[in-house]
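Chains as they are written, first to last, in my numbering: chain A, 1 to 156; chain B, 157 to 312.
Every residue, glycine too, gets a C-beta built ideally from N, C-alpha and C.
Notes to accompany the following structure.
Protein chains: 2
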Amino acid sequence: EDIVVSDVHVDKGQARVSLHNIPDSPGIAAKIFSEIAKAGIMVDLIVQNVSQENKTSITLTVLTSDAERCVQAVEKLKHTWPQLEIWTDDDIVKISVKGIGLRSHTGVGEKMFRALAEVGVNIQMVATSEIRMSVVIAKKDAEKAQMALLKTFELS
Amino acid sequence: EDIVVSDVHVDKGQARVSLHNIPDSPGIAAKIFSEIAKAGIMVDLIVQNVSQENKTSITLTVLTSDAERCVQAVEKLKHTWPQLEIWTDDDIVKISVKGIGLRSHTGVGEKMFRALAEVGVNIQMVATSEIRMSVVIAKKDAEKAQMALLKTFELS
Ligand SMILES: C[C@@H](O)[C@H](N)C(=O)O
Ligand SMILES: C[C@@H](O)[C@H](N)C(=O)O
Numbered sequence: 001e002d003i004v005v006s007d008v009h010v011d012k013g014q015a016r017v018s019l020h021n022i023p024d025s026p027g028i029a030a031k032i033f034s035e036i037a038k039a040g041i042m043v044d045l046i047v048q049n050v051s052q053e054n055k056t057s058i059t060l061t062v063l064t065s066d067a068e069r070c071v072q073a074v075e076k077l078k079h080t081w082p083q084l085e086i087w088t089d090d091d092i093v094k095i096s097v098k099g100i101g102l103r104s105h106t107g108v109g110e111k112m113f114r115a116l117a118e119v120g121v122n123i124q125m126v127a128t129s130e131i132r133m134s135v136v137i138a139k140k141d142a143e144k145a146q147m148a149l150l151k152t153f154e155l156s
Numbered sequence: 157e158d159i160v161v162s163d164v165h166v167d168k169g170q171a172r173v174s175l176h177n178i179p180d181s182p183g184i185a186a187k188i189f190s191e192i193a194k195a196g197i198m199v200d201l202i203v204q205n206v207s208q209e210n211k212t213s214i215t216l217t218v219l220t221s222d223a224e225r226c227v228q229a230v231e232k233l234k235h236t237w238p239q240l241e242i243w244t245d246d247d248i249v250k251i252s253v254k255g256i257g258l259r260s261h262t263g264v265g266e267k268m269f270r271a272l273a274e275v276g277v278n279i280q281m282v283a284t285s286e287i288r289m290s291v292v293i294a295k296k297d298a299e300k301a302q303m304a305l306l307k308t309f310e311l312s
């Protein structure tokens with residue numbers, strides 16, 4: 001199956017909100033996103049990796065203008081989880097490589113990560129699917145990252 | 157913008173490989189996926205959350221039949237990163253809720269997480285985009301999770 005990378009998209013209007021030291025048991029994610037939904041905040045990316053010592057982190061991205069209210073919405077959860085830490089960063093962009101069949105080609109992830117590595121861009125977060133690979137990087141790296149990816153996937 | 161959840165898909169043929177304590181600096185992801193690509197292994201999900209104390213984890217999923225070779229491919233990296241830990245788990249399924257406009261509706265993530273919480277399913281990993289929300293859960297939870305999601309999104 002051929003892979004076709006059709007687009008490199010840069011999303012600059014986002015901030016990330018990370019919740020650290022959350023317990024890894026059923027209902028936790030539901031509680032977090034219930035508070036965020038109640039505040040009427042739209043969420044784009046959500047990333048959670050596997051837990052270690054029964055603790056994990058959830059990071060979500062929201063519109064920069066919603067970041068403060070998002071933090072307020074989840075801060076109440078500190079009553080329930082005293083070790084909860086909330087970190088935010090609006091100095092980021094999300095870059096997505098879109099295409100089809102990204103999974104069936106062993107090299108796409110490697111190509112994307114190598115293109116960014118070669119221009120010295122640090123990858124802060126990764127979330128992928130068969131049709132889209134997204135990374136979060138620092139805002140200052142947005143331009144050179146986009147150019148490196150357009151070049152590596154031969155898009156103008 | 158209306159959200160339309162069109163499908164709940166269960167992927168049972170996967171195993172996850174997690175690399176813990178990797179340094180958070182440019183080129184690390186590229187090295188990891190270069191080893192995996194050299195071994196000719198197809199990768200589906202890739203998740204990396206933000207680092208803490210300059211260390212982070214990358215988890216990827218592969219076909220269960222490729223898990224052992226995948227571990228062998230990345231084990232060499234222990235020479236370069238002695239604190240690298242590699243964990244695998246083939247007792248998982250990936251469940252994806254597909255649709256359109258998932259981001260623009262504040263409630264979809266919350267709905268998905270709540271449906272799983274209500275049947276006591278623990279969410280091990282999350283990776284989302286505007287058109288697909290994927291979670292990794294234990295294999296034993298696959299059936300009740302799928303039923304809960306089909307019910308919550310009113311799909312048969
Ligand atoms: C951390 C969080 O995802 C938790 N495991 C839950 O199921 O809600
Ligand atoms: C951890 C890994 O993603 C690293 N930050 C890199 O840029 O390759």
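Residue pairing by DSSP places B/L311 opposite no residue, since no beta bridge is assigned to it. Residues of chain A whose Cβ lies closer than 9 Å to the Cβ of B/A171 do not exist; the shortest such Cβ separation is about 13 Å. Listed by position along chain A, the residues whose Cβ is nearer than 7 Å to that of B/E266 are A30, F33, S34, A37. Contact between A/A30 and A/A73 is ruled out by a C-beta separation of about 14 Å, above the 8 Å threshold. Interface annotation, B/S162: not in contact with chain A, CB-CB separation never under 8 Å.
Within a 10 Å sphere around the beta-carbon of A/K94 sit 16 or more other beta-carbons, which makes this residue buried. Against chain B, the beta carbon of A/V121 has neighbours under 7 Å at P182, listed in chain order. B/Q208 carries a strand assignment under DSSP once its states are collapsed to helix, strand and coil. Here the alpha carbons of A/D90 and A/R114 stand approximately 25 Å from one another. Between B/V166 and B/Q302, the C-beta gap is smaller than 8 Å, which places the two residues in contact. Between the C-alpha atoms of B/V161 and B/K211 there is a straight-line separation of about 36 Å.
Around A/L150, the same chain offers V8 as residues with beta carbons nearer than 6 Å, after the five sequence neighbours per side are excluded. With respect to the C-alpha of B/L311, the residue from B/G255, B/V199, B/T217 having the closest C-alpha is B/G255. With the rule of 3 Cβ pairs closer than 8 Å, the stretch 208 to 222 of chain B counts as touching the stretch 165 to 183 of chain B. Taking the Cβ atoms as the reference, A/L45 lies roughly 6 Å from A/S134, within the contact range of under 8 Å.
For the stretch 201 to 224 of chain B, the beta-carbon criterion of a distance under 9 Å to any beta-carbon of chain A is satisfied by L201, I202, V203, Q204, N205, V206, S207, Q208, T212, S213, I214, T215, L216. At a cut-off of 8 Å, the C-beta of A/E143 has no neighbouring C-beta in chain B. Residue contact check for A/A127 against chain B: a CB pair falls below 8 Å. Distances from the CB of A/I28 to the heavy atoms of ligand 2 are all 7 Å or more. Contact with chain A is absent for B/H235, since none of that chain's Cβ atoms lies less than 8 Å from the residue's Cβ.
For A/Q83, no Cβ of chain B is located within less than 8 Å of the residue's own Cβ.
If only uninterrupted beta strand (DSSP E) runs of at least 3 residues are considered, those enclosed by the stretch 69 to 121 of chain A are 85 to 89, 92 to 100. The three-state reading of DSSP puts A/A142 in helix, counting H, G and I together.
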